[in-house]
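To start, the structure under review is shown below, and the notes come after it.
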Amino acid sequence: MSKTATVRTKKTVQTKTVRTKIRLNPAVCDGFGFCCEILPEVIGRDEWGFPVLGDGTVPQSLRRTAEQAVAFCPRKALWLETTGCLGTTGRVERTRTR
Ligand code: SF4
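The sequence shown maps to residues 726 to 823 in the numbering used here.
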């Protein structure tokens with residue numbers, strides 16, 4: 726005679742949320758504004774034409790464009806900062822019969 730038992734296991738799922746910010750070193754920026762043309766959704770201009778970043782958050786959908794803005798900066802004044810945090814998003818419950 727075989728025994729049948731149900732074993733329930735609960736597992737917490739952790740996911741990684743990644744945030745990207747674009748950063749600027751104003752000391753080396755030449756102010757010609759290539760970056761403002763490439764990524765206007767994130768990089769604005771001040772009254773003299775120099776870039777203004779605000780908090781610099783880059784939406785995930787613009788990540789590639791932000792990488793291009795960094796690559797095309799002739800003074801290497803831009804870079805991307807990526808931060809990740811672990812978050813708990815839910816539980817997975819598995820049922821196993823033996
Ligand atoms: S592309 Fe680079 S050097 Fe030109 S304005 Fe933007 S940050 Fe400054």
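The beta-carbon is built from N, C-alpha and C at its ideal position, and this holds for glycine as well.
Identity of the residue in the options nearest residue i by Cα
i, options, result
"I747", "D771, E772, V767 and G774", "V767"
"F757", "K801, G809, V783 and T808", "K801"
"A752", "G769, G809, L803 and R770", "L803"
"N750", "P765, D771, L778 and E762", "L778"
Nearest-angstrom Cα separation, counted from residue j out to residue i
i, j, result
"T742", "F775", "31 Å"
"C754", "P799", "9 Å"
"L805", "R744", "10 Å"
Three-state class that DSSP yields for residue i in the structure shown
i, result
"E762", "helix"
"R800", "coil"
"V777", "strand"
"V795", "helix"
Mind listing, in chain order, the residues whose beta carbon lies closer than 6 Å to a non-hydrogen atom of the ligand SF4?
-> L749, C754, D755, G756, F757, G758, F759, C760, P776, C798, P799, R800, A802 and L803
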